[in-house]
Amino acid sequence: MLSPLIDHLIRSLRILPGVGPKSAQRMALYLLERNREGALALAQAITNAAEHVKHCVSCRTLTEQNQCSICANPRRDASLLCVVESPADIFALEQSASFNGKYFVLHGRLSPIDGIGPAELGMDKLLERLNGVTEVIVATNPTMEGEATAHYIAEKAKQRGIKVTRIAHGVPIGGELEYIDGGTLAHALASRREL
Amino acid sequence: MQNAFVLHVRPYTDSRLLIDFFTEHDGLIRAVGRTPGKRDRAKYQPFQPLELEFSGSGELKTLRSCELTNHIAFSLLGHSLFCGLYINELLLRVLQADEPFPPLFSFYSGAVQALKANPSHQQTESVLRSLELFLLEQLGFGVDFDSSETGQPINEERFYFYRAGHGFCECGQDSGEAIPGHHLSAIDRRDFSDEAILRSAKIITRAALSPLIGEKPLKSRDLFR
Ligand SMILES: [Zn+2]
């Protein structure tokens, strides 16, 4: 029988994705037996982040500032706006270091059956953000819902005379055609470019 | 093994998905399936013909196997995709789970192919109206285009309005949703060659479906605004 405090810690760790009862127990014991200092630092970091991190007023990514460092950076091209589903997508695109515009985070995708329509996604906020933008790059995921979201944004942006592009989803570098699924190949073919 | 389409997927646990399928022989079923690996992410996307096998007889089935039969042919884009999402939401709203509708399944499959083949406004609207009318028939709420609610034959020269549960009632040409009699015979033949006929058909199917859809409007309608 575990003491209430340890039991509570184990149950709290289980809110993390992919953490089952066994690994939660292992983590709890590790923190308590081997790394008290780390445990306290972790607790402090979680408290600080959970209390102070909010959404950037311009792009809605996670930040403790009012405006995130990308939005506040005057060297980034404000006429290019890349629309993504989640803050994790910004991290991925930033790592590629190949985009110098700004972002907008939808925090989801259109999914009518789940009750998520344009209003729930805050499309009105996105449309407000389009002032001064000359090109919208839609980087939603290559799922049916991501595709529907891209189409919706494209229609609205085109009505405002803004150029709309969609990132190509296709063959990964190092990928061999015969091992790539048909859906990906179809996408790659549809978004082929001239050489 | 039977043919099926995914209507909707949502996460269930870390490694499992809750999937609503429209199957050829069992109608709407809800099953739990393992989250696919990177290789076959495409597997549980809607509008792709699948072959599946499940077990269990309760509300929640267990997926035994599920394979794409041909997944390049069916995926929808743009406006057709919005229409497809609307159809999926409609079916999930009005069909009872575990009730077989084999003719509706083949109609659905044909509708998805038609949306894919020709995404023009005329075509997509015709597909939606035909499917709605077929769905109403299958559920026992078929619209009677031959006679008015009083049993009089529809007169091509006159005007009518439609009330769900009652039928067509003759009215003046100027009243709100007056539909010309010749539109009714065209819709009965599924002749949607004219925009005006499509508009009339939409008024009728909206009204006829509304008691089945219930209070909460279909979210996918917001996509078309
Ligand atoms: Zn920002």
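Going down the list, the protein sequences come from chains A and B.
The opening position of the first sequence corresponds to residue 7 in the numbering used here, with each subsequent residue numbered one higher.
The opening position of the second sequence corresponds to residue 921 in the numbering used here, with each subsequent residue numbered one higher.
Built from N, CA and C at the ideal position, the CB exists for glycine as well.
Given the structure is predicted, the values throughout are model-derived calculations rather than measurements.
Kindly indicate the opening and closing residues of the alpha helix (DSSP H) around GLU153 (chain A).
For this step, residue 153 (chain A) is matched to residue 147 along the first sequence. Run containing GLU153 (chain A): 150 to 165, per the alpha helix (DSSP H) assignment.
Does the region 147 to 161 of chain A touch the region 108 to 117 of chain A, meaning 3 or more C-beta pairs lie closer than 8 angstroms?
yes
Segment contact flag, the region 129 to 136 of chain A with the region 71 to 78 of chain A, C-beta cutoff 8 angstroms, min 3 pairs
no
Is SER1040 (chain B) close to chain A, meaning its C-beta is less than 7 angstroms from at least one C-beta of that chain?
Walking along the second sequence from the start, residue 1040 (chain B) turns up at place 120. It does not: the Cβ of SER1040 (chain B) has no partner Cβ on chain A nearer than 7 angstroms.
Going along chain A, which residues have a C-beta under 7 angstroms from GLY998 (chain B)?
Here residue 998 (chain B) corresponds to residue number 78 of the second sequence, with the count starting at 1. Chain A residues near GLY998 (chain B): HIS157.
Would you tell me roughly how many angstroms separate the C-alpha atoms of TYR932 (chain B) and ARG954 (chain B), rounded to the nearest one?
On the second sequence, position 12 is the one that residue 932 (chain B) refers to. On the second sequence, position 34 is the one that residue 954 (chain B) refers to. The alpha-carbon atoms of TYR932 (chain B) and ARG954 (chain B) are separated by roughly 10 angstroms.
Of all the residues that make up the region 97 to 124 of chain A, which are near chain B by a beta-carbon distance shorter than 9 angstroms?
LEU116, SER117, PRO118, ILE119, ASP120, GLY121, ILE122, GLY123 and PRO124
Work out the CA separation of PHE1061 (chain B) and CYS62 (chain A) for me, nearest whole Å.
Along the first sequence, one-based indexing puts residue 62 (chain A) at 56. Along the second sequence, one-based indexing puts residue 1061 (chain B) at 141. So the two alpha carbons sit approximately 51 angstroms from each other.
Going by other Cβ atoms of all chains shown within 10 Å of its Cβ, with 16 needed for buried, is ASP1094 (chain B) buried or exposed?
Position 174 of the second sequence, counting from 1, holds the residue named residue 1094 (chain B). Result: exposed.
Backbone secondary structure at GLU973 (chain B) - three-state DSSP
Walking along the second sequence from the start, residue 973 (chain B) turns up at place 53. GLU973 (chain B) falls in the strand class under three-state DSSP.
Contact defined as beta carbons within less than 8 angstroms: I believe PHE105 (chain A) pairs with LEU112 (chain A). What is the distance between those atoms, to the nearest angstrom?
Along the first sequence, one-based indexing puts residue 105 (chain A) at 99. Along the first sequence, one-based indexing puts residue 112 (chain A) at 106. With 8 angstroms as the limit, PHE105 (chain A) and LEU112 (chain A) do not qualify as a contact, their Cβ atoms being about 17 angstroms apart.
Measuring only from the beta carbon, is SER1040 (chain B) closer than 6 angstroms to any heavy atom that is part of ligand 1?
On the second sequence, residue 1040 (chain B) is found 120 positions in, with the first residue counted as 1. The answer is no for SER1040 (chain B).
For ARG20 (chain A), I'd like the list of residues in its chain whose CB is within less than 8 angstroms of its CB, leaving aside the five on either flank, ordered along the chain.
Taking the first sequence and counting its residues from 1, one reaches residue 20 (chain A) at position 14. Closer than 8 angstroms at Cβ, skipping near neighbours: GLY26, PRO27 and ALA30.
Note down the Cα distance separating LYS963 (chain B) from ASN990 (chain B), rounded to an integer number of angstroms.
Within the second sequence, numbered from 1, the residue matching residue 963 (chain B) stands at position 43. Within the second sequence, numbered from 1, the residue matching residue 990 (chain B) stands at position 70. Looking at the two C-alpha atoms, the distance is approximately 10 angstroms.
Exposed or buried, ASN54 (chain A), counting other C-beta atoms within 10 Å across all chains shown (16 or more means buried)?
Along the first sequence, one-based indexing puts residue 54 (chain A) at 48. Result: exposed.
Quick check: is the beta carbon of LYS1139 (chain B) nearer than 7 angstroms to any beta carbon in chain A?
Residue numbering aside, residue 1139 (chain B) sits at position 219 when the second sequence is read from its first letter. Yes, contact with chain A.
Counting only C-beta atoms, is MET150 (chain A) closer than 7 angstroms to chain B at any point?
Translated into positions along the first sequence, residue 150 (chain A) becomes position 144. MET150 (chain A) counts as touching chain B.
Tell me whether THR67 (chain A), by its Cβ, gets closer than 6 angstroms to a heavy atom of ligand 1.
As a working mapping, residue 67 (chain A) is identified with position 61 in the first sequence. Yes, the Cβ of THR67 (chain A) comes within 6 angstroms of a heavy atom of ligand 1.
Could you pull out every residue in the same chain whose Cβ sits closer than 7 angstroms to the Cβ of GLU944 (chain B), ignoring the five residues on either side in sequence?
Start at 1 with the first residue of the second sequence, and residue 944 (chain B) comes out as number 24. Closer than 7 angstroms at the Cβ level, and outside the excluded window around GLU944 (chain B), lie GLN922, ASN923, ALA924, PRO1022 and PHE1025.
Going by C-alpha distance, which of B:PRO1137, B:PRO969, B:SER1113 and B:SER1105 is nearest GLY1030 (chain B)?
For the purposes of this step, residue 1030 (chain B) is taken as residue 110 along the second sequence, with counting starting at 1. Nearest option by C-alpha distance: B:PRO969.
Which residue or residues does DSSP assign as beta-bridge partners of TYR1082 (chain B)?
For the purposes of this step, residue 1082 (chain B) is taken as the residue at position 162 of the second sequence. Answer is B:PHE1088, bridged to TYR1082 (chain B).
Is THR1125 (chain B) near GLU1052 (chain B), with beta carbons less than 7 angstroms apart?
Your numbering for residue 1125 (chain B) matches position 205 in the second sequence. Your numbering for residue 1052 (chain B) matches position 132 in the second sequence. Against a cut-off of 7 angstroms, the Cβ pair of GLU1052 (chain B) and THR1125 (chain B) comes out as a contact.
Helix or strand or just coil, what does DSSP make of SER1095 (chain B)?
Sequence index remark: in the second sequence, residue 1095 (chain B) carries index 175 (1-based). Coil, per DSSP.
Could you name the residues of chain A that ASP1018 (chain B) contacts, counting a contact when the two beta carbons are closer than 8 angstroms?
The count along the second sequence starts at 1 and reaches residue 1018 (chain B) at position 98. Going along chain A, no residue has its Cβ under 8 angstroms from ASP1018 (chain B), so there is no contact; the nearest lies around 19 angstroms.
So, are the CB atoms of ASP940 (chain B) and HIS928 (chain B) less than 7 angstroms apart?
Within the second sequence, numbered from 1, the residue matching residue 940 (chain B) stands at position 20. Within the second sequence, numbered from 1, the residue matching residue 928 (chain B) stands at position 8. Taking 7 angstroms as the Cβ cut-off, ASP940 (chain B) and HIS928 (chain B) qualify as a contacting pair.
What's the gap between the Cα of GLN101 (chain A) and the Cα of ALA1098 (chain B)?
Here the question's residue 101 (chain A) lines up with position 95 in the first sequence. Here the question's residue 1098 (chain B) lines up with position 178 in the second sequence. Going by the C-alpha atoms only, they are around 60 angstroms apart.
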